[in-house]
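So the sequence lines, in the order shown, correspond to chains A, B, C and D. First residue of the first sequence: 0, per numbering that gives the first Met the number 0; consecutive thereafter. First residue of the second sequence: 0, per numbering that gives the first Met the number 0; consecutive thereafter. First residue of the third sequence: 0, per numbering that gives the first Met the number 0; consecutive thereafter. First residue of the fourth sequence: 0, per numbering that gives the first Met the number 0; consecutive thereafter. Beta carbons: idealized from backbone N, C-alpha and C, even for Gly. The structure displayed is predicted, hence computed values, not measured ones.
Protein chains: 4
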Amino acid sequence: MELDNIKITYIGGGSRAWARKMMCDLALNGVIGGEVRLYDIDVPAAQDNQVIGELIESSGKGRSHWKYKVVSDLGAALDGADFVLCSILPGTFDEMASDVHEPNGYGLYQSVGDTVGPGGILRAMRTVPIYEGFAAQIKAHCPNAFVINFTNPMSLCTATLYDVFPQVKAFGCCHEVFGTQEFLARVAEEMLGFTNVERHEIKVDVLGVNHFTWFTSAECRGVDLFPVYREYIRKHMWKGNRTDGDVMSSKEYVKMDLFMRYGQIAAAGDRHLAEFVNNAWYLDSPELVEEWGFVLTDVDWRRRDRAEKVKKTRALVNGEEQVEVNPSGEEFMSLILALCGKKDCVSNVNLLNSGLVAWASDANVIETNAVFEYGKITPLKCRPLNKDVELLVSRVARQQDNLLRGIRARDMNSVFDTFMAEPLCSKLTLKEGKALFEKMVKNTEKYLDGWPVEIRKVTNCMGY
Amino acid sequence: MELDNIKITYIGGGSRAWARKMMCDLALNGVIGGEVRLYDIDVPAAQDNQVIGELIESSGKGRSHWKYKVVSDLGAALDGADFVLCSILPGTFDEMASDVHEPNGYGLYQSVGDTVGPGGILRAMRTVPIYEGFAAQIKAHCPNAFVINFTNPMSLCTATLYDVFPQVKAFGCCHEVFGTQEFLARVAEEMLGFTNVERHEIKVDVLGVNHFTWFTSAECRGVDLFPVYREYIRKHMWKGNRTDGDVMSSKEYVKMDLFMRYGQIAAAGDRHLAEFVNNAWYLDSPELVEEWGFVLTDVDWRRRDRAEKVKKTRALVNGEEQVEVNPSGEEFMSLILALCGKKDCVSNVNLLNSGLVAWASDANVIETNAVFEYGKITPLKCRPLNKDVELLVSRVARQQDNLLRGIRARDMNSVFDTFMAEPLCSKLTLKEGKALFEKMVKNTEKYLDGWPVEIRKVTNCMGY
Amino acid sequence: MELDNIKITYIGGGSRAWARKMMCDLALNGVIGGEVRLYDIDVPAAQDNQVIGELIESSGKGRSHWKYKVVSDLGAALDGADFVLCSILPGTFDEMASDVHEPNGYGLYQSVGDTVGPGGILRAMRTVPIYEGFAAQIKAHCPNAFVINFTNPMSLCTATLYDVFPQVKAFGCCHEVFGTQEFLARVAEEMLGFTNVERHEIKVDVLGVNHFTWFTSAECRGVDLFPVYREYIRKHMWKGNRTDGDVMSSKEYVKMDLFMRYGQIAAAGDRHLAEFVNNAWYLDSPELVEEWGFVLTDVDWRRRDRAEKVKKTRALVNGEEQVEVNPSGEEFMSLILALCGKKDCVSNVNLLNSGLVAWASDANVIETNAVFEYGKITPLKCRPLNKDVELLVSRVARQQDNLLRGIRARDMNSVFDTFMAEPLCSKLTLKEGKALFEKMVKNTEKYLDGWPVEIRKVTNCMGY
Amino acid sequence: MELDNIKITYIGGGSRAWARKMMCDLALNGVIGGEVRLYDIDVPAAQDNQVIGELIESSGKGRSHWKYKVVSDLGAALDGADFVLCSILPGTFDEMASDVHEPNGYGLYQSVGDTVGPGGILRAMRTVPIYEGFAAQIKAHCPNAFVINFTNPMSLCTATLYDVFPQVKAFGCCHEVFGTQEFLARVAEEMLGFTNVERHEIKVDVLGVNHFTWFTSAECRGVDLFPVYREYIRKHMWKGNRTDGDVMSSKEYVKMDLFMRYGQIAAAGDRHLAEFVNNAWYLDSPELVEEWGFVLTDVDWRRRDRAEKVKKTRALVNGEEQVEVNPSGEEFMSLILALCGKKDCVSNVNLLNSGLVAWASDANVIETNAVFEYGKITPLKCRPLNKDVELLVSRVARQQDNLLRGIRARDMNSVFDTFMAEPLCSKLTLKEGKALFEKMVKNTEKYLDGWPVEIRKVTNCMGY
């Protein structure tokens with residue numbers, strides 16, 4: 000890799016905001032430059048991104064130089080790439096609305112709906128086939144590229160790349176654990192009297208699957224944070240009425256509950272964590288969700304949010320607004336620089352298990368720490384999950400393993416088996432489960448071209 | 000072992016009927032004879048069994064000779080034994096009533112309640128410590144004896160023996176799969192026109208955990224029964240109203256449903272099978288249970304049944320009734336004879352996993368086929384579970400593994416974690432779960448001597 | 000399978016004697032009949048076998064009826080077969096003479112030379128590619144057939160079938176352990192005073208790789224033979240001069256030495272056993288071989304033996320001699336009958352490891368016991384090797400695993416690495432090793448068509 | 000840990016030179032200070048070290064302050080220690096002379112003789128029992144200390160600590176791979192034209208067992224060194240006469256040969272590497288050793304070298320010479336500082352396998368990279384060994400595993416089995432092997448107190 004001629008392929012990005020963040024970080028890095036190929040099935044969106052990229056370049060605020068060009072053929076976009084970044088929306092918000100809200104009619108609530116649970120499964124049915132295609136093209140056009148995935152369901156997208164093209168140098172990048180590090184930094188300040196604790200000072204062992212990650216150790220300036228965190232929870236969450244929103248400026252009840260019961264630190268946003276256990280625990284009803292202090296993200300909100308972002312993009316493209324060039328706070332730029340030979344770093348990352356942990360199959364993608372160095376990524380053998388946590392996490396890993404197998408084989412009956420075994424579906428009777436699953440499949444039907452028509456319903460089922 | 004001087008220790012047997020069956024089989028075997036030591040904490044019950052044993056001996060209907068004696072010290076009872084048979088009731092029907100019925104108040108129904116689910120967990124908390132004691136005494140007094148367990152929870156009792164005394168020659172003996180073989184024999188007769196199919200002609204690969212066992216292959220007279228069974232189900236269960244009791248003399252809806260959905264044959268009674276999956280599937284309400292054609296066994300029924308058996312025993316002991324000496328139909332006698340050097344046989348049995356399957360830990364006890372030969376038992380490497388079945392069964396195995404660890408460590412919080420992860424508890428909110436668990440622990444408290452007082456409640460929990 | 004219309008394909012058999020044995024057993028079995036397709040690249044040899052088969056059929060001494068026909072196209076020969084028997088000589092005695100005797104010039108002696116050691120490796124280089132072809136044809140023409148291999152190197156031939164066609168129902172059949180059972184029967188008679196002990200009464204657990212198999216338990220009529228065998232050895236082998244041929248009518252010094260040192264029973268002929276350990280142990284010189292009481296089988300002897308057999312065949316074909324129809328004493332007929340639904344049996348067999356033992360890879364073929372039943376073969380989980388034995392056997396398994404990989408990849412450098420790591424090559428300096436290997440490759444060159452010309456020598460080597 | 004009150008226990012150090020290096024590094028580190036307890040069974044040697052330590056302290060050249068004190072009771076020396084450093088000579092040079100030279104009479108030559116081979120085995124028989132004692136005392140007196148082992152046999156000493164006290168925070172520290180990094184730095188300069196390449200710029204994945212470690216990747220300034228190294232070897236080692244010492248200032252023939260044949264980089268001194276393969280390869284005779292360009296280290300040389308060091312020590316203690324305070328170039332100081340919270344670092348280290356690699360048992364100690372951070376060491380999952388290398392290395396791991404088991408059980412027969420299976424013993428006949436082993440055991444007898452007298456010879460052996 001020539002540092003001033005790096006080739007980056009960016010797949011997706013119609014969501015606009017994220018593409019802009021990336022382009023700012025690229026401009027500001029000061030070490031590498033080159034060419035960014037923008038590929039999106041929504042070509043106008045890609046074109047907008049090109050315009051904005053050029054505005055950033057011409058703003059004079061960057062420290063590196065990049066050319067941006069829209070490439071409408073995926074093969075051409077990938078040809079000889081050094082890095083491939085994937086960040087797509089599989090389907091539209093219409094399908095996502097079905098993923099998230101169709102289950103509501105059965106008393107099933109999802110706070111995100113893009114990773115596990117009924118929504119996660121249907122989303123995977125749309126996404127895995129798309130990633131099969133990406134993997135084949137990457138194999139053909141840039142087998143040595145580092146492929147960085149940002150799309151959810153993170154684990155399954157990344158696992159698909161490996162399943163189709165085992166030599167792929169892919170990893171999934173997710174900032175979800177950073178929030179828990181920030182939270183622990185505040186805990187350390189309050190309980191230990193430390194000042195100005197930064198996220199990077201919270202040293203952790205990370206293990207789990209994406210969005211259901213756990214810190215198996217956490218230290219700050221040499222102090223073990225486990226007993227500190229326990230005291231903090233006793234002071235706040237357990238003092239008086241847990242549901243009194245006043246006791247803490249920021250509620251993190253789900254992760255605190257999981258820590259107190261399981262003894263290791265659940266490390267993702269509460270909206271994500273709640274989706275990995277039986278729905279009766281935190282998602283039994285909108286009232287219970289409120290009691291636990293987190294929110295159900297409505298897809299209509301996402302639509303409005305997207306409309307805002309598109310409006311903002313239009314304003315930038317039309318020159319009505321100035322592009323600001325600020326660092327995003329995301330970690331991917333540091334990782335890319337480490338892979339280009341600058342400053343090694345350790346970061347959490349989603350990688351093929353391949354023997355790292357025994358509670359997942361070799362084909363599972365798990366999240367853990369890795370060292371990023373010039374041209375390579377080496378996972379660390381983190382402190383193990385304790386057995387009670389392993390019970391929860393291994394169940395998730397097995398679900399994902401079976402789901403990937405079922406989707407790859409286009410075996411609707413097997414996918415339904417996995418659906419019924421999801422923790423978030425634990426309330427469903429078989430009759431309800433079948434009706435819900437078939438309705439959700441119907442709603443996303445146009446993205447299921449590769450599935451034989453006759454198996455678009457569950458056939459081996461129950462005589463209902 | 001001298002065939003005419005075999006020493007058998009029988010632990011338990013106060014349940015009377017089972018002891019009588021065993022003594023009949025011993026009398027009729029015609030190959031081995033010797034001495035039976037009867038040990039029960041209910042000494043009068045043991046004494047009754049001795050009287051009945053002697054009546055059988057003096058009836059002249061036997062073909063082997065046995066001396067029966069009550070031994071009130073366990074060590075003395077075990078000393079130098081060749082075989083140890085364990086069949087105990089841990090606690091009384093009062094505790095069992097709590098196991099089975101206390102959860103009813105939370106909408107949780109159990110059809111048996113002695114293996115898994117809330118009832119199975121509490122029963123295990125009483126039973127595992129008793130088996131720890133048995134294992135220590137066996138190690139001290141008869142380390143070379145074959146130990147045959149009949150007590151539930153089967154897997155955990157047997158696993159406890161191995162955990163305490165790794166060299167123990169223990170196995171668990173359960174006739175549950177025979178019923179499914181009988182059922183398949185009828186299926187073969189009806190669908191294939193075979194006549195007089197006997198149970199032993201249904202050749203099967205068996206894999207799973209006790210009461211949640213699966214046939215991964217089934218053949219009869221060279222014909223693969225899988226497609227035959229599928230046709231049978233289409234003909235009966237799926238024709239017209241599934242719940243019409245008239246279509247079949249014997250309903251087996253749960254196992255048929257599991258076969259149609261999972262593609263391998265669930266092989267235990269429906270009452271047991273239903274307890275290994277989310278309660279919403281088959282046990283959501285008494286009405287749903289009825290719809291699926293099986294029953295919830297009430298502990299009051301057990302009390303009445305026991306009273307009948309005690310009455311029968313009294314009548315035999317008092318000479319008001321004649322002892323009948325008939326073969327029991329159980330398999331344990333054939334297994335003992337094979338271990339004594341007569342006619343090798345293959346039978347399903349509960350054994351330490353120890354590398355046989357990857358979906359369970361080495362410490363799990365699993366059920367599979369084994370060859371019984373002179374002085375040894377060798378498990379077979381059966382056809383594997385398919386992946387969708389493995390998803391269900393591995394979850395059960397992991398629950399049992401974690402439960403055993405938690406009980407052995409007297410770690411109430413860990414046991415509660417396992418409790419909340421039980422499929423039969425999948426409906427429970429955390430608040431409900433904590434309340435139910437603490438009540439059930441309270442109900443069985445007098446059998447929890449070894450647990451530190453301060454941990455008789457769940458301490459690390461939820462701020463409730 | 001229809002019992003009177005079984006289709007058997009017999010590949011090879013030019014060695015004559017073995018084919019005749021098989022045809023006698025087929026004629027005498029009394030249960031199955033049908034058609035035997037004779038395929039051999041030596042067509043006249045196959046034709047002779049057909050004539051002899053027909054003579055057996057017309058002799059009236061058989062109890063089953065078979066048609067014999069030569070089929071010169073392998074695909075046609077395999078089409079729809081129920082059983083495939085493979086027994087070939089890879090190459091000619093010229094190549095075998097090189098395998099066995101070329102190493103003599105370097106002080107390396109081989110007592111057989113067809114399984115491991117320099118001879119075994121070169122033979123594998125000829126044989127594995129042939130078996131790749133068989134596997135492809137079996138997959139195309141009779142994927143459900145049981146494939147019984149008799150060719151050496153047994154493990155690698157069978158492993159090749161699985162590697163190319165993972166669903167193949169193949170197993171390797173070898174009578175080598177029977178000899179040790181016979182020997183132990185004599186030991187039991189002498190030391191225990193038993194009379195008329197038959198081979199089948201020696202109950203054993205078998206584990207290892209073909210020709211380096213071990214009994215991890217051995218019992219006779221309920222008596223553990225391990226201490227008995229130890230006494231026997233002290234009495235005979237260790238009394239006075241071990242090398243005095245008079246003390247025992249049958250010398251078995253190698254296996255007795257291995258038992259005394261390793262504590263489990265090496266169970267193959269001494270000529271085979273000696274080849275699996277460093278050549279200095281038993282094969283250091285012809286004198287040492289004599290001291291250990293076994294022989295180096297000369298390939299010239301094989302040539303003469305073959306000539307005798309051909310002469311005998313000619314005499315039978317020409318009607319100068321009468322065909323005798325006697326049972327062969329081999330076990331394959333019992334196994335075939337068990338697979339056809341008659342009398343289940345347990346026998347040692349060579350099968351894919353696939354998780355049975357941890358000391359071999361999943362792709363290794365190991366030898367162990369299996370139950371043969373109607374349409375299926377189920378391996379038993381035998382008592383494990385003790386650790387000192389495992390050290391020896393695992394080394395062999397790893398050699399075979401690496402050799403198969405190297406040959407399948409046509410990677411001459413890797414095969415040379417394996418060659419240098421063979422126990423029988425442990426004396427060789429690198430310079431000698433390279434010279435010997437290259438000469439042996441040259442000698443067998445015409446069977447190495449598939450290997451790129453440029454890699455017919457070791458290129459990455461030592462600067463010599 | 001308080002940085003200015005660190006407690007270090009130094010076990011051993013009578014070898015003088017090494018203790019001085021350590022004390023210099025401690026003095027110069029500038030971050031931590033505290034107390035060093037000197038424990039040695041040779042108390043005067045420890046006292047000398049104390050004097051020298053005080054001289055360093057009073058020299059004013061240090062940047063940290065340390066108190067040195069001799070503690071003659073091991074428990075007292077360990078009490079509350081933060082770090083324990085072990086560097087002992089098990090036995091005297093008399094036993095080492097037997098280890099190294101007794102085998103010469105059988106044509107076996109050893110270039111070091113302290114790790115594997117006949118010498119390594121006998122040394123392990125003396126050392127493992129000593130380390131059992133260390134482990135017990137560490138468990139009792141400083142269970143949370145980091146224990147750094149420097150004694151050979153490195154793997155077995157470290158493995159013993161874990162086997163006796165599984166929670167021990169032990170690792171083995173060896174600078175052997177640094178030499179190969181230095182060598183590759185020179186290769187990079189010559190072949191790539193780089194200037195001033197430092198050892199740390201050679202980025203490697205390390206995997207193997209101590210002294211038989213391999214680089215599974217090696218890069219310098221972003222360039223893959225594998226093809227570069229290949230070219231270098233072709234240029235030097237293979238050009239003209241390999242044995243012409245003039246072509247290279249530094250000969251590294253053994254490692255270059257291993258690279259060319261095996262495709263990954265053997266990374267230890269040639270004297271060590273040569274001992275892990277059959278003795279015929281590089282150690283067949285003193286002439287062959289010379290041809291391969293390395294040397295046989297004579298124990299007499301070690302005696303003279305020791306005498307020099309003792310003389311030097313006396314001179315320093317007596318004030319005849321000035322103590323120089325220079326950095327040692329060893330890495331242990333960086334590791335200690337990282338563990339104390341200063342600058343994280345990645346280094347090769349010897350750690351319990353515990354699932355990292357499949358070619359070794361969980362109980363094996365392997366050498367690989369790890370991240371050193373505040374209070375913890377996390378191994379990296381390095382690029383795997385290729386299969387041909389794994390064949391060599393796994394054999395070594397299995398030998399060590401079996402040897403440790405045998406010594407821990409004081410099972411002389413099992414140790415002899417391992418002895419005979421050592422690559423360096425591959426030439427030995429059984430008669431020779433037995434005679435040599437028994438002689439070597441005799442020579443080291445006084446260190447075998449724990450072994451039952453009757454098993455001081457090989458009893459189950461061969462009738463010789």
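- Separation of the CB atoms of A267 of chain C and H210 of chain C is rounded to 5 Å, and the pair is thereby assigned contact status at 8 Å.
- With distances taken between CA atoms, K138 of chain A lies nearest to A:G74 out of A:E1, A:G74, A:A217.
- Closer than 9 Å to the CB of F214 of chain C there is not a single CB belonging to chain D.
- DSSP, reduced to helix, strand and coil, places I147 of chain A within a strand of the structure shown.
- Out of C:N349, C:N352, C:A362, C:A369, the CA that lies nearest to the CA of A337 of chain C is found in C:A369.
- The three-state secondary structure of V208 of chain C, taken from DSSP, is strand.
- Going by DSSP, T367 of chain D is part of no alpha helix (DSSP H) but of the beta strand (DSSP E) stretching over 364-372.
- Among the CB atoms of chain B, one or more fall inside 9 Å of the CB of R382 of chain C.
- Contact check for E200 of chain D against R220 of chain D passes: the beta carbons are separated by less than 9 Å.
- Secondary structure of Y38 of chain A (DSSP, three-state): strand.
- In the DSSP assignment, T8 of chain D is bridged to D:R36, D:V83.
- Secondary structure of N385 of chain B (DSSP, three-state): coil.
- When 9 Å is used as the limit between beta carbons, W280 of chain D is near these residues of chain C: M419, L427, T428, L429, G432, in chain order.
- Interface flag for T194 of chain C against chain B is unset, since no Cβ pair is found closer than 9 Å.
- Taking 9 Å as the CB threshold, T157 of chain D stays off the interface with chain A.
- Ranked by how close their Cα comes to the Cα of E319 of chain C, the residues C:L54, C:R305, C:L423, C:L447 have C:L54 in first place.
- In this structure V294 of chain B is exposed. Its beta-carbon is surrounded by fewer than 16 other beta-carbon atoms within 10 angstroms.
- Where W65 of chain D is concerned, there is no enclosing alpha helix (DSSP H), although the beta strand (DSSP E) around it starts and stops at 65-69.
- Between G405 of chain D and the set C:K386, C:L334, C:L402, the nearest pair of CA atoms involves C:K386.
- In the DSSP assignment, N103 of chain D falls outside any alpha helix (DSSP H), carrying neither H nor E.
- Across the stretch 317-341 of chain D, CB contacts with chain A closer than 7 Å involve G340, in sequence order along the chain.
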